[in-house]
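Numbering (this note's numbering), first residue to last: 139 to 388.
Beneath this line is the structure, given in structure tokens, with notes to follow.
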Amino acid sequence: MRKKILILGGTTEARLLAGQLGLREELDVMLSLAGRTIAPAAQPVPVRTGGFGGAEGLSIYLSEEKIDLLIDATHPYAAQISSNAAQASALTKVPAFALRRAPWTPIKGDKWQSVAGAEEAVEALGKAKRRVFLALGRQEILPFENAPQHIYVVRSVDPIDPPLNVPNVTYILGRGPFVQADEMALLKKHRIEMLVAKNSGGKATSGKIAAARELGIKVFLFERPAASDMRAVSSLTEAVKLADHLLSLA
Ligand code: NAP
Numbered sequence: 139m140r141k142k143i144l145i146l147g148g149t150t151e152a153r154l155l156a157g158q159l160g161l162r163e164e165l166d167v168m169l170s171l172a173g174r175t176i177a178p179a180a181q182p183v184p185v186r187t188g189g190f191g192g193a194e195g196l197s198i199y200l201s202e203e204k205i206d207l208l209i210d211a212t213h214p215y216a217a218q219i220s221s222n223a224a225q226a227s228a229l230t231k232v233p234a235f236a237l238r239r240a241p242w243t244p245i246k247g248d249k250w251q252s253v254a255g256a257e258e259a260v261e262a263l264g265k266a267k268r269r270v271f272l273a274l275g276r277q278e279i280l281p282f283e284n285a286p287q288h289i290y291v292v293r294s295v296d297p298i299d300p301p302l303n304v305p306n307v308t309y310i311l312g313r314g315p316f317v318q319a320d321e322m323a324l325l326k327k328h329r330i331e332m333l334v335a336k337n338s339g340g341k342a343t344s345g346k347i348a349a350a351r352e353l354g355i356k357v358f359l360f361e362r363p364a365a366s367d368m369r370a371v372s373s374l375t376e377a378v379k380l381a382d383h384l385l386s387l388a
């Protein structure tokens with residue numbers, strides 16, 4: 139009998155993992171997206187979209203669909219769904235693990251400051267007018283309206299709608315991966331002095347961090363939310379190995 143895997147996605151890693159596992163004859167892989175992105179990236183396996191209705195809803199889904207393995211490959215800042223996944227796995231006894239990117243760590247030349255979130259970032263930017271790059275999503279940028287003195291460049295996957303109520307803002311739409319040379323050109327073009335982002339980890343969006351290092355730009359990184367207590371791996375290779383192990387295929 140084919141084994142059924144549910145991957146909670148919305149990340150590059152989830153797509154790549156689904157691509158690898160989806161090629162296997164003995165596996166039936168379904169990818170789950172929250173449905174936040176207007177035009178989500180194409181996926182290599184069948185996709186279901188939208189919330190499950192909390193941990194309880196996810197438990198019902200796992201049971202009804204007879205899922206053999208749950209993989210939480212959501213973004214490190216998507217804390218609610220990860221907590222739901224851990225609870226649903228505990229409730230249903232469906233084996234589960236998380237594929238979670240390790241955070242970036244500072245190296246020589248980095249000028250980083252950790253902030254709890256957008257409100258603290260707004261404080262940390264200071265009162266003086268600065269040229270600020272916000273690599274943040276729609277849900278996170280509203281507090282920057284409280285600092286209208288800055289000149290903002292906002293890059294997001296989906297349009298910021300309604301737009302920020304500040305006098306000086308440029309919007310850029312973009313979905314990673316981003317190449318360091320392009321990031322450098324972008325930061326230079328807009329004469330960026332400060333950058334605000336999440337510590338997403340991984341290579342797809344690390345180009346801006348490397349570019350900021352080279353240009354001496356101060357970087358404010360949101361602290362990561364606490365990870366769920368689910369067993370976790372940080373690479374695709376480990377994820378495939380653990381999936382095989384938990385499905386007793388290796
Ligand atoms: P979240 O706050 O942890 O989740 C809020 C609710 O959205 C969950 O309780 C769940 O609803 C639903 N949900 C989230 N991810 C889902 C998934 N993969 N499949 C089905 N339902 C999901 O999540 P978020 O931070 O808004 O992130 C939403 C999605 O965007 C995730 O897939 C995540 O991987 C991706 N993403 C997030 C970020 C980020 O910075 N947060 C960045 C890049 C990509 P129910 O309780 O109704 O099940």
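Even for Gly, the Cβ is constructed at its ideal location relative to N, Cα and C.
Note that the coordinates shown come from a computational prediction; the quantities given were computed from them, not determined experimentally.
Cβ pair Pro335, Val357 closer than 8 Å: As a position in the sequence shown, residue 335 is number 197, starting the count at 1. As a position in the sequence shown, residue 357 is number 219, starting the count at 1. Pro is not the amino acid found at residue 335; the sequence shown has Ala there. Contact flag set, yes.
Identify, in the order they occur along the chain, each residue of the same chain with its Cβ nearer than 8 Å to the Cβ of Lys267, setting aside the five sequence neighbours on each side. Start at 1 with the first residue of the sequence shown, and residue 267 comes out as number 129. So the list reads Gln287, His288, Ile289, once near-sequence residues are dropped.
Where does Arg186 land, buried or exposed, given buried means 16+ other C-beta within 10 angstroms? One-based indexing of the sequence shown puts residue 186 at position 48. Arg186 comes out exposed.
Give the single residue among Val167, His328, Ser372, Val260 whose Cα lies nearest to the Cα of Phe239. One-based indexing of the sequence shown puts residue 239 at position 101. In the sequence under discussion, the amino acid at residue 239 is Arg, which differs from the Phe named in the question. For the residues Val167, His328, Ser372, Val260, the minimum Cα distance to Arg239 belongs to Ser372.
Quick check on Asn284 - is its C-beta less than 8 Å from some C-beta in chain B? The structure shown has no chain B; it contains just one protein chain.
Whether Gly275 touches Thr150 by CB criterion (8 Å): Mapped onto the sequence shown, residue 275 falls at position 137. Mapped onto the sequence shown, residue 150 falls at position 12. No, the Cβ-Cβ distance between Gly275 and Thr150 is not below 8 Å.
Would you say Lys336 touches ligand 1, meaning its beta carbon is less than 7 Å from a heavy atom? Indexing the sequence shown from 1 puts residue 336 at position 198. Result yes, Cβ under 7 Å from ligand 1.
Backbone secondary structure at Ala262 - three-state DSSP: Position 124 of the sequence shown holds residue 262. In the structure shown, Ala262 sits in a helix (DSSP, three-state: H, G or I).
Using a Cβ-based criterion (distance less than 7 Å to any ligand heavy atom), does Ser197 qualify as near ligand 1? Within the sequence shown, residue 197 is the residue found at index 59, counting from 1. No.
Distance, Cα to Cα, Leu144 vs Lys265? Indexing the sequence shown from 1 puts residue 144 at position 6. Indexing the sequence shown from 1 puts residue 265 at position 127. Approximately 47 Å, taken between the alpha carbons.
Sort Ala216, Ala236, Met139 by Cα distance to Leu374 and report the nearest one. Position 236 of the sequence shown, counted from the start, is the residue given in the question as residue 374. Nearest option by C-alpha distance: Ala236.
Out of curiosity, what's the CA-to-CA distance linking Pro363 and Ala228? Indexing the sequence shown from 1 puts residue 363 at position 225. Indexing the sequence shown from 1 puts residue 228 at position 90. When rounded, the distance between both Cα atoms is 21 Å.
Give the range of the alpha helix (DSSP H) segment to which Arg351 is assigned. Taking the sequence shown and counting its residues from 1, one reaches residue 351 at position 213. Segment 345 to 353, the alpha helix (DSSP H) holding Arg351.
Spatial neighbours of Ala388 within its chain, please: CB distance less than 6 Å, with the 5 preceding and 5 following residues excluded, ordered by chain position. Here residue 388 refers to the residue found at position 250 when the sequence shown is read from its first residue. Hits under 6 Å: Asp382.
For Ser170, count neighbouring C-beta atoms within 10 Å of its own C-beta (all shown protein chains included) and say buried if the count is 16 or more, exposed if not. Numbered from 1 along the sequence shown, position 32 holds the residue referred to as residue 170. With 16 or more Cβ atoms within 10 Å of its Cβ, Ser170 is classed as buried.
Shorter than 7 Å, the distance from the beta carbon of Ile219 to the closest heavy atom of ligand 1, or not? What you label residue 219 is simply residue 81 of the sequence shown in a count that begins at 1. At least one heavy atom of ligand 1 falls within 7 Å of the beta-carbon of Ile219.
Verify the contact flag: Thr150, CB atom, against every heavy atom of ligand 1, threshold strictly below 7 Å. Counting from 1 along the sequence shown, the entry for residue 150 is found at position 12. Because no heavy atom of ligand 1 lies under 7 Å away, the Cβ of Thr150 does not count as near it: no.
Could you tell me the distance, in whole angstroms, from the CA atom of Arg369 to the CA atom of Ala234? Here the question's residue 369 lines up with position 231 in the sequence shown. Here the question's residue 234 lines up with position 96 in the sequence shown. Approximately 8 Å between the Cα atoms of the pair.
If Asp296 and Ile176 are in contact, beta carbons under 8 Å, what's the gap, nearest whole angstrom? As a working note, residue 296 is residue 158 in the sequence shown. As a working note, residue 176 is residue 38 in the sequence shown. At roughly 5 Å, the Cβ-Cβ gap stays under 8 Å, so Asp296 and Ile176 are in contact.
Would you check if there are 3 or more beta carbon pairs closer than 8 Å linking the stretch 216 to 223 to the stretch 193 to 207? yes
Between the alpha carbons of Asp248 and His328, how many angstroms are there, rounded? Against the sequence shown, residue 248 aligns to sequence position 110. Against the sequence shown, residue 328 aligns to sequence position 190. Taking the straight line from one Cα to the other gives about 20 Å.
Whole-angstrom C-beta distance between Trp242 and Asn303, which should lie under 8 Å: Numbered from its first residue, the sequence shown carries residue 303 at position 165. Numbered from its first residue, the sequence shown carries residue 242 at position 104. Rounded, the Cβ-Cβ distance is 31 Å, inconsistent with contact.
What does Arg186 pair with, by DSSP beta-bridge criteria? As a working note, residue 186 is residue 48 in the sequence shown. According to DSSP, which records beta bridges pairwise, Arg186 is partnered with Ser170.
Beta-carbon gap between Ile310 and Arg293 smaller than 8 Å: By 1-based counting over the sequence shown, the position of residue 310 is 172. By 1-based counting over the sequence shown, the position of residue 293 is 155. Yes, these two residues count as a Cβ contact at 8 Å.
Quick one: complete alpha helix (DSSP H) runs, 4+ long, within the stretch 219 to 276? 256 to 263
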